[in-house]
Amino acid sequence: MTALQQSAELFEQLTGRAPDGIWSAPGRVNLIGEHTDYNDGFVLPFAIPHRTYAAAGMRDDGRIRVVSTFAGDQPVEVALDELATLFPTPTGEEPAVAEWAAYPLGVAWALQLATPSTGSGTTRSGTQFKGVDIAIASEVPVGAGLSSSAAIEGATASALNDLWDTALDRTALARIGRRAENEAVGAPTGIMDQMASMLGEPDAAIFLDCRTLDANLVQVGIAEAGLAILIMDTRVQHSHATGGYRERREACERGAAIMGVPALRDVSVADLGRAEKLMDDVTFRRVRHIVTENQRVLDTVTTLRERGARAIGDLLVASHASMRDDFEISVPELDTAVDAALAAGAIGARMTGGGFGGAAIALIERDGVQAVSDAVTADFAASGFAAPHIFTVTPAAGARRDT
Ligand code: ADP
Ligand code: MG
83 MTALQQSAEL
93 FEQLTGRAPD
103 GIWSAPGRVN
113 LIGEHTDYND
123 GFVLPFAIPH
133 RTYAAAGMRD
143 DGRIRVVSTF
153 AGDQPVEVAL
163 DELATLFPTP
173 TGEEPAVAEW
183 AAYPLGVAWA
193 LQLATPSTGS
203 GTTRSGTQFK
213 GVDIAIASEV
223 PVGAGLSSSA
233 AIEGATASAL
243 NDLWDTALDR
253 TALARIGRRA
263 ENEAVGAPTG
273 IMDQMASMLG
283 EPDAAIFLDC
293 RTLDANLVQV
303 GIAEAGLAIL
313 IMDTRVQHSH
323 ATGGYRERRE
333 ACERGAAIMG
343 VPALRDVSVA
353 DLGRAEKLMD
363 DVTFRRVRHI
373 VTENQRVLDT
383 VTTLRERGAR
393 AIGDLLVASH
403 ASMRDDFEIS
413 VPELDTAVDA
423 ALAAGAIGAR
433 MTGGGFGGAA
443 IALIERDGVQ
453 AVSDAVTADF
463 AASGFAAPHI
473 FTVTPAAGAR
483 RDT
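Numbering of the sequence shown is given in the numbering used here, commencing with residue 83 and proceeding in unit increments.
See the structure below:
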């Protein structure tokens, strides 16, 4: 059974009827530009074929009920006007509902705030903010750095935007997903994941300026060039809400303050000599990663446009080295995946996502999929790591209504 069918079936189990519609949004993988998003910088993600489906339908009352195959089919139900008492979740505290439910319920909360009702429960369309049931099923691996979180947010936001007739555009829905993740779940993430999940197009990456939210599609031309993109999920779980991610953000804020700029986006590679004299070694290396990574995103976009995918390998490799040595967010499993892929002939490889686990990507010859996969699997076994989950992806479509 497909995830789309699973969401429909779960909805029927919950409500005894068919959903009004099914909406979906994909996970994403970041081609290059890591931790640059919350520094107002540039990123270049693409949506992947793996999607999260939300089968949804209106209710007659003012309650919202969510259920997911991820969470043992156990529904969570609250009154819509209770959402404002549940969220925002105070900093450092757990959400007042099961954590997974804070994603879809947080989206409902943020969507309401973005489109204030003119009266109790109704607006221009007469249907806004009526109760709703949502059943979720996903094929996006969770916690693998492929943004299952943006996928559940994007699917939920798309469903509610149609059912509540709020008519928000894709960028606005991306902001709502981010707000849910930041303020309802309490994970201090940037906007990249949601923008990629909302705006993805087949065979294209999204060149996103995280300061202006200006997004431009860049053709990747993977198939044309005879290439493939391999995801190597290390199955090492990461957690955005804790520890390392927060520390890196704080180091970036400190670095920007020392440089007297609003964000590290405003520091260029030419400024790094001055930066090194002004700050401690750790802060400087965090800053150097962000500044050089921003430049690598710009260089990757230019290279893709002028010379094609085959020419971006060195930029991917340099990005990984910067994350490993300067930003220090890699783990031995990610380094092993990257090194083994390169040794087996990959054109480029790097860890992707927030780090501390998750997945790495490799750009490889299309006929090298088996050889590279086998080499990575063998090196994991030799290092005593759990077997990685390896599969290919192509840039895919963003959020949509499926039925
Ligand atoms: P990533 O986005 O890299 O997969 P995150 O930690 O950001 O990892 O998000 C994973 C969390 O999102 C899960 O622990 C769960 O709370 C929630 N989530 C993701 N997919 C689903 C789903 N299909 N159903 C319910 N919750 C989900
Ligand atoms: Mg996430």
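Every residue gets a Cβ at the ideal spot worked out from N, C-alpha and C, and that includes glycine.
Since we're looking at a predicted model, the values are computed, not measured.
message: I'd like the list of long-range same chain contacts for alanine 256, defined as Cβ closer than 7 Å, with 5 residues on each side in sequence excluded.
response: Ile273, Gln276, Met277, Met280
task: Would you check whether ligand 2 has a heavy atom nearer than 7 Å to the C-beta of arginine 129?
output: The sequence shown places alanine at residue 129, not arginine. False, no ligand heavy atom lies under 7 Å from that Cβ.
message: I need the residues with a C-beta less than 5 Å from some heavy atom of ligand 2; please give them in chain order.
response: Every residue whose Cβ sits closer than 5 Å to any heavy atom of ligand 2 is listed here in chain order: Ser229, Ser231.
message: Tell me the DSSP secondary structure of tryptophan 191 in three-state form.
response: Helix, per DSSP.
task: Would you mind working out which of Ile304, Ala183, Gly123, Glu181 sits nearest alanine 478, comparing C-alpha positions?
output: Ranking Ile304, Ala183, Gly123, Glu181 by CA distance to the CA of alanine 478 puts Ile304 first.
message: Is serine 526 a contact residue of ligand 1, with contact defined as CB to any heavy atom under 7 Å?
response: The structure shown has nothing for residue 526, since the chain only spans 83 to 485.
query: Does DSSP classify leucine 162 as helix, strand or coil?
result: In the three-state reduction of the DSSP assignment, leucine 162 falls in the helix class.
field: Host beta strand (DSSP E) of alanine 310 (start-end)
entry: 309-315
field: Same chain only: Cβ atoms within 6 Å of serine 106, ignoring 5 sequence neighbours per side
entry: Hits under 6 Å: Arg133, Tyr135, Ala237, Asp484.
task: Consult DSSP for isoleucine 340 and reduce its assignment to one of helix, strand or coil.
output: helix
task: Consult DSSP for serine 150 and reduce its assignment to one of helix, strand or coil.
output: strand
task: Assign leucine 228 to one of three DSSP states: helix, strand, or coil.
output: DSSP, read as helix, strand or coil, puts leucine 228 in coil.
- prompt: Should glycine 435 be listed as close to ligand 1, given that the test is whether its C-beta is under 7 Å from any heavy atom?
  reply: yes
Neighbourhood of valine 420 by C-beta, 7 Å cutoff - its chain only, sequence neighbours within 5 removed: His402, Ala431, Arg432, Met433, Ala442
query: Three-state secondary structure (DSSP) at serine 106?
result: strand
field: Residue from Arg260, Gln319, Glu181, Glu91 with nearest C-alpha to alanine 138
entry: Taking only the C-alpha atoms, the option nearest alanine 138 is Glu91.
task: Measuring alpha carbon to alpha carbon, tell me which of Phe467, Val458, Ala463 ends up nearest phenylalanine 473.
output: Val458
- prompt: Excluding sequence positions up to five away, which residues of its chain have a Cβ less than 6 Å from the Cβ of threonine 97?
  reply: Asp215
message: What would DSSP say about serine 350, mapped onto helix, strand or coil?
response: coil
Residue range of the beta strand (DSSP E) that includes aspartate 215: Run containing aspartate 215: 214-220, per the beta strand (DSSP E) assignment.
- request: May I ask you to report which of helix, strand or coil DSSP gives proline 157?
  value: coil
message: Please state the DSSP three-state secondary structure of histidine 371.
response: helix
message: Quick check on this structure: which residue in Gly154, Asp155, Ala153, Val160 has the alpha carbon closest to the alpha carbon of isoleucine 146?
response: Checking every option, the nearest Cα to that of isoleucine 146 belongs to Val160.
task: Measure the CB-CB distance between alanine 166 and tryptophan 191 and report whether it falls below 8 Å.
output: Yes, these two residues count as a Cβ contact at 8 Å.
message: Quick check: is any heavy atom of ligand 1 less than 7 Å from the C-beta of phenylalanine 152?
response: yes
field: Best match in Leu187, Asp163, Asn121, Ala239 for proximity to glycine 371 [C-alpha to C-alpha]
entry: Looking at the sequence itself, residue 371 is histidine, so the reference to glycine does not match. Closest by alpha carbon: Asn121.
task: Figure out for me which residue from Ala239, Thr248, Phe467, Pro470 has the closest Cα to the Cα of glutamate 263.
output: Ala239
Beta carbon of aspartate 497 nearer than 8 Å to that of alanine 422: Nothing about residue 497 can be reported from this structure: the residues present for the chain run from 83 to 485 only.
task: Report the three-state DSSP secondary structure of alanine 481 (helix, strand or coil).
output: coil
message: Buried or exposed, going by whether 16 or more other CB atoms sit within 10 Å of the CB of valine 351?
response: exposed
message: With H, G and I counted as helix, E and B as strand and the rest as coil, what does DSSP make of threonine 84?
response: Threonine 84 sits in coil when the DSSP states are folded into three classes, being neither helix nor strand.
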